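**Student:** One structure follows; several queries about it will come next.
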Amino acid sequence: MIAIVAVGWASFARIIRGQVLTLKEADFIDSARSVGCGHLRILFRHLLPQCIPVILVMTGLKMGSYILTESALSFLGLGAQPPTATWGSMISANRIYISSAPWMVIFPGLIIALTVLCFNILSDSLRDRYGFAETERV
0 MIAIVAVGWA SFARIIRGQV LTLKEADFID SARSVGCGHL RILFRHLLPQ CIPVILVMTG
60 LKMGSYILTE SALSFLGLGA QPPTATWGSM ISANRIYISS APWMVIFPGL IIALTVLCFN
120 ILSDSLRDRY GFAETERV
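The sequence shown runs 0 to 137 under numbering that gives the first Met the number 0.
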């Protein structure tokens, strides 16, 4: 799981950097500079609180993809080793019983799907709560 997060941190950095570059030009940052606030105070007092909602929404969205990636790697045998139970390894170990006991494969698959759906709904509701405008692509 650490390897999956280590690979995926670049997208977080890209989004947060864009958010900080946008906020850096805001009037309240200029006001803070004009009253003599230092760089660290501006960062932790003004920029970081504005970035936390973006971080929360991104975390919720990424958790779903991390769960799917971990399940796929475990299904292929590249994830956690057999004493550790994961949903992907449960599906992989029970796929030989799919004709006689399909619930042994269906239920772990449903749990994966429901967990990913819950994380997506959670991040969507956080996005709506914090009022992020949806962008239109032309």
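Quick reminder that beta carbons are idealized off the backbone N, C-alpha and C, glycines included.
Treat the numbers as computed from the prediction; the structure is a model and nothing was measured.
Measure the C-alpha to C-alpha separation of C50 and A25 and round it to an integer number of angstroms.
**Tutor:** 14 Å
**Student:** CA-CA distance, S70 and D29?
**Tutor:** Looking at the two C-alpha atoms, the distance is approximately 47 Å.
**Student:** Just to confirm the assignment: which complete alpha helix (DSSP H) runs, minimum length 4, are found wholly within the stretch 17–50?
**Tutor:** For the stretch 17–50, whole alpha helix (DSSP H) runs of length 4 or above, ordered along the chain, are 26–33.
**Student:** Relative to the C-alpha of L113, which candidate in L67, W102, A100, S98 has its C-alpha closest?
**Tutor:** L67
**Student:** Return the first residue and the last residue of the alpha helix (DSSP H) that G87 is part of.
**Tutor:** 86–93
**Student:** Which value, in whole angstroms, describes the spacing of the CA atoms of H38 and L20?
**Tutor:** 14 Å
**Student:** Among the residues of its own chain, which have a CB less than 8 Å from the CB of I110, if the five just before and after it don't count?
**Tutor:** W86
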